[in-house]
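S.K.: In the working numbering, the protein residues as written are 73 to 294. All C-beta atoms, glycine included, are put in the ideal place defined by N, C-alpha and C. Please read all numbers here as calculations on a predicted model, not as lab measurements. One structure is given below, represented as structure tokens, and several questions about it will come after.
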Ligand SMILES: Nc1c(NC[C@H](O)[C@H](O)[C@H](O)CO)[nH]c(=O)[nH]c1=O
Ligand SMILES: CC(=O)[C@@H](O)COP(=O)(O)O
């Protein structure tokens, strides 16, 4: 098992730069569960649930007449595969967002060999690449990274809106989560603040969203 991230010096740096992220797991749990259900867990139910895809906690809650509440796990990332589509336009920003995303995947124990990074010219090109990856069947979620920064004309609106609606429809048509990690900023300062500056690293936050959604789909919505 990997060393506890909390004890390494790189983890200390990560904690400070990603202070808005939940703490990384110290060890991987054995199964994805819904942690906020506190119903009793009869042994028979738990055994039955082990044989199915349903977590024992969810099964117990359902049998007790409670509702099911399904949620992805941030700790059980075993086997999850991610495609990352990153735009080179405003590369000084998107490189930092990508770095934040990759550090987050590592921190949450996603294996490097389960991550494929695809580079595209600009944010406008992200959706078609995301859709292609999504439909390949090789990934559990696609993380889309870009930085659209306002210029003098209305070009900004066209690119920003296309990227947002395109990533949405890529996810809907591929049937897997396509996560929107594209900054839409008025100026470079705003962008850098969100790429590891004082507003955090939105690439790191988007990677966390990708993990949760991939887990939700793998464990509960498959
Ligand atoms: N202005 C920005 C762009 N523009 C480029 C487009 O994304 C696209 O590559 C071009 O129109 C060719 O299809 N891209 C960004 O990612 N960010 C911008 O601020
Ligand atoms: C959106 C942009 O950053 C740029 O490519 C277009 O800038 P402008 O609106 O000044 O032509």
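Mind the definition here: the segment 273–292 touches the segment 197–213 only if three or more C-beta pairs lie below 8 Å; say whether that holds.
M.R.: Touching, yes, given that three or more Cβ pairs across the two stretches are closer than 8 Å.
S.K.: Mind checking which residues open and close the beta strand (DSSP E) that includes residue 252?
M.R.: Counting along the chain, the beta strand (DSSP E) containing residue 252 begins and ends at 250–257.
S.K.: Could you give the DSSP three-state label for residue 192: helix, strand or coil?
M.R.: Strand.
S.K.: Identify whether residue 154 lies in helix, strand or coil by the three-state DSSP scheme.
M.R.: If DSSP states are grouped into helix, strand and coil, residue 154 belongs with the strands.
S.K.: Apply the 10 Å Cβ neighbour rule to residue 172 and answer buried if 16 or more other Cβ atoms are within range, or exposed otherwise.
M.R.: Buried is the call here.
S.K.: Let me check understanding here. Comparing Cα to Cα, which of 144, 164, 280 lies closest to residue 221?
M.R.: It is 164.
S.K.: Below 8 Å between beta carbons: does that hold for residue 156 and residue 198?
M.R.: It is not a contact, given that the beta carbons lie outside the stated cut-off.
S.K.: Should residue 193 be counted as a contact of ligand 1 given a C-beta to heavy atom distance under 7 Å?
M.R.: At least one heavy atom of ligand 1 is nearer than 7 Å to the Cβ of residue 193, so yes.
S.K.: Expressed to the nearest angstrom, what Euclidean distance is found between the alpha-carbon atoms of residue 142 and residue 271?
M.R.: Between residue 142 and residue 271, the C-alpha separation is close to 30 Å.
S.K.: So, for residue 293: in the same chain, excluding its five sequence neighbours on each side, which residues have a beta-carbon less than 8 Å away from its beta-carbon?
M.R.: Counting only Cβ-Cβ distances below 8 Å, and skipping sequence neighbours, we find 142.
S.K.: Mind checking whether the beta-carbon of residue 212 lies closer than 7 Å to any heavy atom of ligand 2?
M.R.: No, ligand 2 has no heavy atom inside 7 Å of this Cβ.
S.K.: Which residues in the same chain as residue 153 place their Cβ atom closer than 6 Å to its Cβ, once the five residues preceding and following it in sequence are excluded?
M.R.: Cβ within range, chain order: 186, 211, 212.
S.K.: Between 250, 188, 266, 251, which lies nearest to residue 257 when the distance is taken from Cα to Cα?
M.R.: Comparing Cα positions, the closest option is 266.
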